[in-house]
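Numbered by the working numbering, the letters in the sequence shown go through residues 17 to 160 in order. What follows is a set of notes on a single structure, which appears directly below.
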Amino acid sequence: MEPTPANWAVVERLAHWQAAWAMFSEHPWLGVGWGNYVPVYPAYALPRWADPLGHAHNYYLNVLAEAGLVGLAGYFVFWAAAFLAAWRAARQGPPFLRAAALGILGVFVHLAVHNLVDNLYVHGMPIHLGLLLGMVLWISELTN
C-alpha cells in the first residue's frame with residue numbers, strides 16, 4: 017500500500033504491526049525482552065519506516081513482541097481478573113457503588129478496545145488505572 021496524506025497513519029501502523037509480529041515470530045515464547053521494542057526495531061523495520069515511534073501502536077502486539085506468549089497470557093489473566101472483579105462489583109451493593117463499578121468496567125472496556133490501535137503510555141495513566149483497580153477492590157469489600 018502506497019502511503020498518502022489520507023492514509024499515512026494507517027500505513028504507518030501497519031508497518032509497525034508487521035515489525036512487532038516479526039519480533040514475536042522470531043521470539044514466540046518470551047519476546048525480545050520487556051522494553052526492547054525500540055532498540056530491536058531497526059532489525060525488523062520496513063525500509064520506509066525507520067522510526068520506532070516508541071511502541072507498536074497496538075498494545076497486544078507490543079506485548080507479544082516484547083514478552084511473547086507468556087507475557088500476553090499474563091496480561092490477559094491480569095485483565096480478566098480486573099474485568100471479573102468490576103463485573104461482580106457492578107452487580108451487588110447499593111446503586112451508587114454499582115454505578116461506580118459499572119463506570120470503571122466501562123473504562124476497562126475502553127482500554128481493551130483502544131489498545132488495538134495505540135496504547136496509553138501517557139503520564140499519570142498507571143496511577144489512574146491503579147486507583148480504578150483499587151476502587152473496584154474497595155467496592156467489592158464494602159459489598160461483601
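Every residue, glycine too, gets a C-beta built ideally from N, C-alpha and C.
Residue j beta carbon less than 8 Å from that of residue i
| i | j | result |
| --- | --- | --- |
| A105 | V152 | yes |
| G87 | G49 | no |
| A117 | A98 | no |
| L158 | G119 | no |
| L100 | V123 | no |
| I187 | L127 | In the structure as shown, the chain starts at 17 and stops at 160, and residue 187 therefore has no counterpart that could be examined. |
| Y21 | V27 | First, the amino acid is wrong: residue 21 is Pro here, not Tyr. No; because the gap between Cβ atoms is not below 8 Å, this pair is not in contact. |
Residue nearest to residue i in terms of C-alpha spacing, selected from the options
| i | options | result |
| --- | --- | --- |
| P44 | L121, L100, A83, G51 | A83 |
| N135 | G51, A72, A36 | A72 |
| M39 | M17, V27, N23, L85 | L85 |
| A36 | N74, Y91, V26, L113 | N74 |
| N160 | R107, P21, A22 | R107 |
Range of the contiguous alpha helix (DSSP H) that encloses residue i
| i | result |
| --- | --- |
| N23 | Taken as a continuous stretch (DSSP letters only), N23 belongs to no alpha helix (DSSP H), as it is neither H nor E. |
| N74 | Neither: N74 is in no alpha helix (DSSP H) and is coded neither H nor E. |
| A106 | Taken as a continuous stretch (DSSP letters only), A106 belongs to no alpha helix (DSSP H), as it is neither H nor E. |
| W154 | 141-159 |
| A59 | 53-60 |
Three or more C-beta pairs below 8 Å linking the stretch 121-136 and the stretch 70-83: yes
contact_flag[the stretch 60-68, the stretch 26-33] where n(CB pairs < 8 Å) is 3 or more: yes
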